[in-house]
Every structure is written in C-alpha cells, then in structure tokens.
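Numbers in our numbering are just positions in the sequence shown, counted from 1, shifted up by 2.
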Amino acid sequence: MRGQHYDWVIVGSGFGGSVSAHRLTQKGYKVLVIEKGRRFADEDFPKTNWDLKRWMWNPAIGLKGIFQMSFMKHMTVLHGVGVGGGSLVYANTLPTPKSAFFQSGSWSTLADWGSELAPHYATAKRMLGATPNPVVTQGDHVLKEIAKDLGREEHFHPTEVAVYFGDANKKVPDPYFGGEGPDRVGCTLCGACMTGCRVGAKNTLVKNYLYLAEKNGAEVRPETEVTGVRPLDGGGYSIETLPTFEKAGAKVFTADRVILAGGVMGTMPLLLQMKEQASGLPRLSDRVGDFVRSNSESLIAVVSPKKGINFSKGVAITSILHTDEHSHMEPVRYGAGSGFFRTMLAPHSPGPTVLARIWGGIVAFMRQPVRWLRALFVSDMAKHSQVLLYMRTLEGTLRMRLGREWRTGYRRGLVTQVDDPSQAPSAFM
Numbered sequence: 003m004r005g006q007h008y009d010w011v012i013v014g015s016g017f018g019g020s021v022s023a024h025r026l027t028q029k030g031y032k033v034l035v036i037e038k039g040r041r042f043a044d045e046d047f048p049k050t051n052w053d054l055k056r057w058m059w060n061p062a063i064g065l066k067g068i069f070q071m072s073f074m075k076h077m078t079v080l081h082g083v084g085v086g087g088g089s090l091v092y093a094n095t096l097p098t099p100k101s102a103f104f105q106s107g108s109w110s111t112l113a114d115w116g117s118e119l120a121p122h123y124a125t126a127k128r129m130l131g132a133t134p135n136p137v138v139t140q141g142d143h144v145l146k147e148i149a150k151d152l153g154r155e156e157h158f159h160p161t162e163v164a165v166y167f168g169d170a171n172k173k174v175p176d177p178y179f180g181g182e183g184p185d186r187v188g189c190t191l192c193g194a195c196m197t198g199c200r201v202g203a204k205n206t207l208v209k210n211y212l213y214l215a216e217k218n219g220a221e222v223r224p225e226t227e228v229t230g231v232r233p234l235d236g237g238g239y240s241i242e243t244l245p246t247f248e249k250a251g252a253k254v255f256t257a258d259r260v261i262l263a264g265g266v267m268g269t270m271p272l273l274l275q276m277k278e279q280a281s282g283l284p285r286l287s288d289r290v291g292d293f294v295r296s297n298s299e300s301l302i303a304v305v306s307p308k309k310g311i312n313f314s315k316g317v318a319i320t321s322i323l324h325t326d327e328h329s330h331m332e333p334v335r336y337g338a339g340s341g342f343f344r345t346m347l348a349p350h351s352p353g354p355t356v357l358a359r360i361w362g363g364i365v366a367f368m369r370q371p372v373r374w375l376r377a378l379f380v381s382d383m384a385k386h387s388q389v390l391l392y393m394r395t396l397e398g399t400l401r402m403r404l405g406r407e408w409r410t411g412y413r414r415g416l417v418t419q420v421d422d423p424s425q426a427p428s429a430f431m
C-alpha cells in the first residue's frame with residue numbers, strides 16, 4: 003500500500019530522531035517519524051521491572067516494553083524502544099565529555115570537536131532541562147569517602163540530570179518553554195527512572211523535543227518497523243514498512259530526504275541489509291559497520307542484607323567520581339520492588355577469560371555459600387543493593403556485520419568482530 007509523501011522521513015524517535023524532527027518542523031518541513039515501539043503515557047510504564055510485558059522488549063515472546071537487551075560476543079547492549087527511544091530508560095545523566103574524548107584517534111583529525119560542539123551541548127542541556135541533582139543519598143556519601151581515600155575529592159560532584167525537581171507530585175504548567183511544553187509534575191525521588199517515570203518528572207523526549215515537534219506538525223507513527231530504504235528514479239527515497247506486531251499491512255512512504263536515527267542497534271542492520279541489495283543502497287561505503295564504539299562500562303552490584311536499609315531512594319544516578327582522566331564511577335539505583343537483575347547476578351570474579359571468571363565465581367560461592375545466598379535472596383533487591391557503574395572513554399572499537407551465530411539463534415543478525423581483541427572496548431573495576 004502506498005503512503006503519503008513527506009519532505010523528511012525520520013527512522014527512530016530517540017535523541018537523534020526527536021531533535022531532527024523538532025528542528026525540521028521549526029523550518030516548516032513536512033516530517034514523518036517512524037518508531038517500531040509503542041507510545042507510552044506516564045501511567046503506562048511498569049511499576050517495577052518484574053512486569054516484563056511492559057518493561058522488556060522482545061515481541062517474539064509477547065514482551066512489548068521499553069527496554070531491550072542485545073547479547074553480542076564482545077558486549078551486552080542495553081537500549082530503549084518506544085516513542086522517545088532511549089530517553090525512556092536512560093538514567094537521566096547529561097555529562098559533557100572531557101577534552102581527551104574529542105581527541106580520540108578515530109576522529110580527532112576531522113575537526114576541533116570540543117569547540118564545534120560546545121554550543122550544541124549547551125542547547126541540548128537547556129532543552130532537556132539539565133540541572134545538578136540536589137539530593138544526597140547514602141550511596142553518594144560512600145562514593146565521596148572513596149574519593150577522599152583516592153585523593154580525588156575535587157573530582158566528586160553531583161550529576162547533571164534531566165529531571166524536574168519541583169514540589170513532589172505537584173502538577174504545574176510547563177516550566178521550560180514559556181508554556182509551550184506539557185504540564186509537569188515534581189520528582190518524588192522514587193528511583194524508578196529506568197523503568198519509565200510514572201510521575202512525569204523525567205525530562206524524556208516526549209516532554210520536550212518530540213512534544214514540540216508534534217506541536218509543530220510532525221507526524222509520529224509508532225508500532226511500525228522500517229524494512230527497506232531505496233532511492234527513487236528522479237530523486238528521493240521510498241521507505242518500506244511493516245506493522246511491528248502484525249504480519250500483514252505493509253506500507254511504503256516516500257520522502258525527499260531520510261534520516262536514519264534508530265541508534266546503532268536499529269540503524270546498523272538496516273544499512274548493512276540495504277548495502278547488499280542492488281535496489282537498496284549498494285553505493286554505501288564498505289566501512290559501514292566499522293569503528294563502532296560502546297560506553298566501555300561495567301556494572302557491579304554491592305548487596306547488603308541489613309534490615310532497614312534503602313538504597314532505592316533518589317534519582318537513578320545521583321553523583322559521579324572521576325577516578326582518572328578517562329574513567330568515572332557512579333552509584334546507580336532502581337525503584338523499590340525492581341529486582342529483576344537478581345536473575346543475572348553472580349559473585350564478582352575478575353579473570354582473563356570467561357571460563358576463568360566462571361570458575362572464580364564458583365570458588366567464591368563455595369567458600370561462603372550462606373553469605374552469597376543471603377545476598378542473592380534479600381527481600382527487595384532494589385532497596386538492598388547499590389549498583390556501581392564504571393565507565394571509560396579510552397579508544398576501543400568494534401566492527402559490526404550481518405552473520406549467524408548462537409546469539410542470533412542462527413538466524414541472520416547483527417554480530418560483532420575485532421581484529422585485535424586487545425583493541426575492543428572494555429572496562430573493569
């Protein structure tokens with residue numbers, strides 16, 4: 003079925019797609035935003051991450067939520083799905099990279115990125131309502147003590163977060179865009195930022211960029227997956243789509259220009275598929291899929307079975323400690339009752355190989371089985387655990403290609419490759 007023609011079609015409604023939609027509609031263009039996930043009102047988000055149908059994304063088994071986990075050979079990718087993309091599930095933090103990041107070998111010679119991007123970082127922070135976190139939690143006190151022990155107290159500070167800290171649970175007229183934005187509700191410090199903010203305090207893209215884009219005339223088409231992008235004779239493109247949750251109902255839109263903003267996990271497989279097809283985009287560079295970077299992060303949970311303790315209060319990430327020029331550490335939390343990740347916990351076990359780490363974990367458990375069982379089966383994992391996020395900005399890249407392996411169910415899908423394993427993104431505390 004043939005759909006409408008647009009000046010611009012944007013594939014994906016996350017940060018890249020929403021910003022593009024807002025700026026293009028400001029200039030008067032006719033814009034369509036296509037999103038494979040659902041549209042969520044605040045009250046549609048799950049109360050905890052045990053509500054897998056509303057939190058996790060895996061439509062093949064009936065999970066139609068906002069959070070997807072993609073397991074790959076060299077990393078596990080956590081990403082968002084739905085109208086608003088990653089902003090629905092990210093931890094609100096908006097740090098500006100340090101100068102060393104812009105001088106990374108793979109792009110340092112292309113431009114003076116620090117200077118060129120500085121005004122755009124300022125604009126993004128204003129649009130997203132970035133503000134210093136005003137609440138100090140128990141985890142922040144501990145991280146500050148660690149900073150003191152390391153002699154880096156001056157490198158510890160509150161995070162800048164995209165959250166409206168008004169009076170808790172009180173609805174007020176738009177405080178950001180002179181009344182042009184939606185009404186907002188003050189943060190309750192429930193800690194549930196990453197399962198979807200049911201309060202309405204988190205400054206997701208549906209509260210700013212995408213909201214304003216739709217107000218300016220952008221059309222958002224959720225539950226629609228793009229299966230092909232092909233050039234048209236005489237200019238422009240056809241965009242082939244299917245309903246995400248149905249097998250029938252194919253529709254083709256046309257546009258003068260197309261922006262692919264589905265994130266790495268959405269855009270990369272589409273580009274690689276289109277490059278292979280003569281009627282697709284065969285002139286794409288052979289380097290498509292090269293030099294893919296990750297956050298180079300690891301997540302470690304510290305669990306305390308003590309009664310009366312509650313690490314779940316606050317926003318998702320409340321402070322940051324720069325442990326050196328290229329690394330930092332943050333305390334992370336989920337809201338009370340969100341204990342799904344206990345299913346993935348194992349004793350912390352460093353080692354050079356997977357087998358060495360597994361064996362180390364078994365040995366650690368056998369030495370103190372009662373202690374480990376108490377930690378794994380605490381009554382409320384979110385209240386009793388403080389997650390430590392460690393992230394690095396050192397050079398490290400992967401190559402992505404289409405292939406088959408057990409992680410893809412031996413169906414053709416996105417796989418990672420490296421020529422030199424020592425050059426792959428990594429982070430370990």
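Each residue gets a CB set at the ideal place from its N, CA and C atoms; glycine is no exception.
- prompt: By how many angstroms is the C-alpha of W10 removed from the C-alpha of M333?
  reply: Here residue 333 corresponds to residue number 331 of the sequence shown, with the count starting at 1. Here residue 10 corresponds to residue number 8 of the sequence shown, with the count starting at 1. Here the sequence assigns Pro to residue 333, which means Met is not the residue at that position. Near 40 Å, if we compare the C-alpha coordinates of W10 and P333.
field: Beta bridge counterpart(s) of T226 as assigned by DSSP
entry: Here residue 226 refers to the residue found at position 224 when the sequence shown is read from its first residue. DSSP output for T226 lists P245 as bridge partner(s).
Same chain, Cβ closer than 8 Å to S2, five either side skipped, listed in chain order: Any answer about residue 2 is impossible in this case: the structure gives the chain only from 3 up to 431.
task: Check P371 in the structure and name its three-state DSSP category.
output: As a first step, residue 371 is located in the sequence shown; it is residue number 369 there, counting from the start. Reduced to three states, the DSSP call for P371 is helix.
- request: With V288 as the anchor, note down where its alpha helix (DSSP H) starts and where it stops.
  value: Indexing the sequence shown from 1 puts residue 288 at position 286. Residue identity check: residue 288 is Asp in the sequence provided, not Val. It is not in any alpha helix (DSSP H) - D288 carries neither H nor E in the DSSP assignment.
- prompt: Is there at least one non-hydrogen atom of the ligand FAD closer than 7 Å to the beta-carbon of M331?
  reply: Absence of the ligand FAD is noted for the structure shown, with no ligands found whatsoever.
query: Less than 8 Å separating the beta-carbons of L96 and K127?
result: Residue mapping note: residue 96 aligns to position 94 of the sequence shown, counting from 1. Residue mapping note: residue 127 aligns to position 125 of the sequence shown, counting from 1. For L96 and K127, yes; Cβs fall inside 8 Å.
message: Can you tell me whether E407 is helix, strand or coil according to DSSP?
response: Within the sequence shown, residue 407 is the residue found at index 405, counting from 1. The answer is coil: DSSP assigns E407 none of H, G, I, E or B.
- request: Can you tell me which of the three DSSP states E332 falls into?
  value: Locating residue 332 in the sequence shown gives position 330, counting from the first residue. Strand.
- prompt: Should W109 go down as buried or exposed, given a rule of 16 or more other Cβ atoms within 10 Å for buried?
  reply: Here residue 109 is taken as the residue at index 107 of the sequence shown, counted from 1. Exposed is the call here.
message: Let's test the definition: count the other Cβ atoms within 10 Å of the Cβ of V380 and tell me whether it reaches 16, buried, or not, exposed.
response: In the sequence shown, the residue the question calls residue 380 occupies position 378. The residue is buried, with at least 16 neighbouring Cβ atoms inside 10 Å.
field: Extent of the continuous beta strand (DSSP E) run through Y392
entry: As a working mapping, residue 392 is identified with position 390 in the sequence shown. Taken as a continuous stretch (DSSP letters only), the beta strand (DSSP E) holding Y392 covers S387 to R394.
- request: Can you grab the Cα-Cα spacing for the pair V260 / T243, in whole Å?
  value: Residue 260 sits at position 258 when you count from the first residue of the sequence shown. Residue 243 sits at position 241 when you count from the first residue of the sequence shown. If I take the Cα positions, the gap works out to 14 Å.
field: Residues bridged to Q105 (per DSSP)
entry: Sequence index remark: in the sequence shown, residue 105 carries index 103 (1-based). Answer by DSSP bridge pairing: none, since Q105 is not bridged.
message: Could you check whether the stretch 154 to 162 touches the stretch 178 to 195, counting it as contact only if at least three pairs of C-beta atoms, one from each stretch, sit closer than 8 Å?
response: no
field: Whether P231 touches L272 by CB criterion (8 Å)
entry: By one-based count along the sequence shown, residue 231 stands at place 229. By one-based count along the sequence shown, residue 272 stands at place 270. Note that residue 231 is Val in the sequence shown, not Pro. In this structure, L272 lies closer than 8 Å to V231 by Cβ.
Close beta carbons around K315, own chain, < 7 Å, minus the five adjacent residues each side: Sequence index remark: in the sequence shown, residue 315 carries index 313 (1-based). Hits under 7 Å: T139, L191 and G193.
task: Put Q279 into one of helix, strand or coil per three-state DSSP.
output: Numbered from its first residue, the sequence shown carries residue 279 at position 277. Looking at Q279 - three-state DSSP - the assignment turns out to be coil, as it is neither helix nor strand.
- request: Specify whether the stretch 22 to 37 and the stretch 218 to 229 touch according to this definition: at least 3 beta carbon pairs, one from each stretch, less than 8 Å apart.
  value: yes
message: Could you check whether A263 and Y239 sit closer than 8 Å to each other, using their CB atoms as the reference points?
response: Mapped onto the sequence shown, residue 239 falls at position 237. Mapped onto the sequence shown, residue 263 falls at position 261. It is not a contact, given that the beta carbons lie outside the stated cut-off.
- prompt: Three or more C-beta pairs closer than 8 Å, one from the stretch 407 to 419 and one from the stretch 64 to 75: is that the case here?
  reply: yes
- prompt: At which residues does the alpha helix (DSSP H) containing H211 begin and terminate?
  reply: The residue you call residue 211 lines up with position 209 of the sequence shown. Correcting the residue identity first, residue 211 is Tyr in this sequence and not His. Taken as a continuous stretch (DSSP letters only), the alpha helix (DSSP H) holding Y211 covers Y211 to K217.
query: Quick one: what's N60 bridged to in DSSP?
result: Sequence index remark: in the sequence shown, residue 60 carries index 58 (1-based). Bridge partners of N60: L65.
Enclosing alpha helix (DSSP H) for I148 [first to last residue]: Residue mapping note: residue 148 aligns to position 146 of the sequence shown, counting from 1. Looking at the DSSP string, the run of the alpha helix (DSSP H) that includes I148 is Q140 to D151.
Proximal residues to W52 (C-beta, below 6 Å), its chain only, five neighbours per side dropped: Along the sequence shown, one-based indexing puts residue 52 at 50. Around W52: F342.
task: With V13 as the anchor, note down where its beta strand (DSSP E) starts and where it stops.
output: If you number the sequence shown from 1, residue 13 lands on position 11. Element bounds for V13: R4 to V13.
message: On a Cα-Cα basis, can you pick out the residue from G237, T325 and H350 that is closest to Y8?
response: For the purposes of this step, residue 8 is taken as the residue at position 6 of the sequence shown. With distances taken between Cα atoms, Y8 lies closest to G237.
- request: Using the DSSP secondary-structure output, state which residues sit across from G415 in a beta bridge.
  value: Along the sequence shown, one-based indexing puts residue 415 at 413. G415 is bridged to G405.
message: Among the candidates I63, G82 and G64, whose CA atom is the shortest distance from the CA of Q70?
response: Residue numbering aside, residue 70 sits at position 68 when the sequence shown is read from its first letter. It is G82.
- prompt: According to the neighbour-count rule (16 or more other Cβ atoms, all chains shown, within 10 Å of its Cβ), is P48 buried or exposed?
  reply: On the sequence shown, position 46 is the one that residue 48 refers to. P48 is buried by the Cβ-count criterion.
field: Cβ-Cβ separation, R41 to V85 (assumed contact under 8 Å), whole Å
entry: For this step, residue 85 is matched to residue 83 along the sequence shown. For this step, residue 41 is matched to residue 39 along the sequence shown. Their Cβ separation, rounded to whole angstroms, is 4 Å, which keeps V85 and R41 in contact under 8 Å.
field: According to DSSP, residues forming a beta bridge with G87
entry: The count along the sequence shown starts at 1 and reaches residue 87 at position 85. The partner list for G87 (beta bridge, DSSP) is empty, contrary to what the question assumes.
query: For A149, which residues of its own chain have a beta-carbon under 6 Å away from its beta-carbon, when the five flanking residues on both sides are left out?
result: On the sequence shown, residue 149 is found 147 positions in, with the first residue counted as 1. These residues qualify, in order along the chain: E155, F158 and L323.
task: Express the C-alpha separation of A303 and S424 in angstroms, rounding to a whole number.
output: By 1-based counting over the sequence shown, the position of residue 424 is 422. By 1-based counting over the sequence shown, the position of residue 303 is 301. Each residue's alpha carbon lies about 26 Å from the other.
- prompt: Which residues does DSSP pair with H159 in a beta bridge?
  reply: As a first step, residue 159 must be located in the sequence shown, where it is residue number 157. I322, per the DSSP bridge assignment.
message: Taking a contact to mean a Cβ-Cβ separation below 8 Å, would you say A93 touches M3 in this structure?
response: Your numbering for residue 93 matches position 91 in the sequence shown. Your numbering for residue 3 matches position 1 in the sequence shown. Going by C-beta atoms, A93 is not nearer than 8 Å to M3.
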